[in-house]
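Top line first, the protein sequences correspond to chains X and R. So for the first sequence, this note's numbering puts the first residue at 6; every next one is plus one. So for the second sequence, this note's numbering puts the first residue at 3; every next one is plus one. Here's the structure, in structure tokens; my notes come after.
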Amino acid sequence: KAGVTQTPRYLIKTRGQQVTLSCSPISGHRSVSWYQQTPGQGLQFLFEYFSETQRNKGNFPGRFSGRQFSNSRSEMNVSTLELGDSALYLCASSLLGLGNGYTFGSGTRLTVV
Amino acid sequence: QQPVQSPQAVILREGEDAVINCSSSKALYSVHWYRQKHGEAPVFLMILLKGGEQKGHDKISASFNEKKQQSSLYLTASQLSYSGTYFCGTEMVGTSGSRLTFGEGTQLTVNP
């Protein structure tokens, strides 16, 4: 059974640019969540999608957005990148979400210079 | 509301036991436990749903005290492979969908 696949693994972007990260969940998992991990802030919740609908959103500015497709694959977009956006972005999939365990992808390491 | 984990770090010798605690000020629906090794993704260990559940596999088990909104992770007879950062994640009662809020993590080091 394939795990959660995130692409790309590494990205270097310049301030002001935008970036799109991709996540393919485990087959059959309908809930996809995104997290930002930094040494100072730990694991911070970005948003959760289920059946193409955003069910929850964390406390991040509107520059952070996401979407989910009919095949449950998800993308997140960060516009007008800032230095502080440098982080490991993790995607996690779950069968149904609430009350189910999560399987994390290996993450995308984003560096903003 | 971020759950509070304690201790922040613990160093063990192989074979020793450890307990990691996680507490919340909000009514919890579930508590998750994950382990993350350096440079790797967090790995799901177990989930406890409200109702005083205890779970475990191998020598790692956990409990959930719904009255106190606290969970504890028990690692017995620790092995070198147990080293890593342990995170608890909580889902609160009344949340629509899923929103897992993680604690700051407990760094566990097991030495030979």
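Glycine residues also receive a C-beta, built at the ideal position from the N, C-alpha and C atoms.
Query, Result
"Test: X/Arg14 CB closer than 8 Å to a CB of chain R", "no"
"DSSP three-state assignment for R/Ser1, whether helix, strand or coil", "For residue 1 of chain R there is no data in the structure shown, the boundaries of chain R being 3 and 114."
"Neighbourhood of R/Thr87 by C-beta, 6 Å cutoff - its chain only, sequence neighbours within 5 removed", "Gln38, Gly107 and Gln109"
"Cβ contact check for the region 95 to 105 of chain X and the region 28 to 42 of chain X: 3 or more pairs under 8 Å", "yes"
"Option nearest X/Gly63 by Cα separation, candidates R/Ser85, R/Ser27, R/Phe104 and R/Arg15", "R/Phe104"
"Under 8 Å between C-beta atoms of R/Tyr31 and X/Gly104", "yes"
"Positions along the region 43 to 69 of chain X whose CB lies within less than 7 Å of some CB in chain R", "Gly47, Leu48, Phe50, Glu53, Phe55, Arg60 and Asn61"
"Residues that R/His2 bridges to, as DSSP identifies them", "Coverage of chain R is limited to positions 3 through 114, which leaves residue 2 of chain R absent and any answer about it impossible."
"Neighbourhood of X/Arg14 by C-beta distance below 8 Å, restricted to the same chain and skipping five residues each side", "Ser111, Gly112, Thr113 and Arg114"
"Selection from R/Gly99, R/Thr78, R/Val95 and R/Ile62 that minimises the alpha carbon distance to R/Ala29", "R/Val95"
"Start-to-end residues for the beta strand (DSSP E) that takes in X/Leu26", "Val24 to Ser29"
"Spatial neighbours of R/Val21 in its chain, beta-carbon cut-off 6 Å, leaving aside the 5 residues before and after", "Ser74 and Tyr76"
"Cross-chain neighbours of X/Leu88 in chain R, by beta carbon under 8 Å", "Near X/Leu88 there are no residues of chain R at all, since even the closest Cβ is about 22 Å away, more than 8 Å."
"Spatial distance of X/Asn61 from R/Pro114 (CA atoms)", "43 Å"
"Buried or exposed by the 16-neighbour rule on C-beta atoms within 10 Å, applied to R/Pro5", "buried"
"Contact residues within the region 8 to 39 of chain R, judged by C-beta distance below 9 Å to chain X", "Tyr31, Ser32, His34, Tyr36 and Gln38"
"CB contact check: R/Ile49 to chain X, cutoff 8 Å", "yes"
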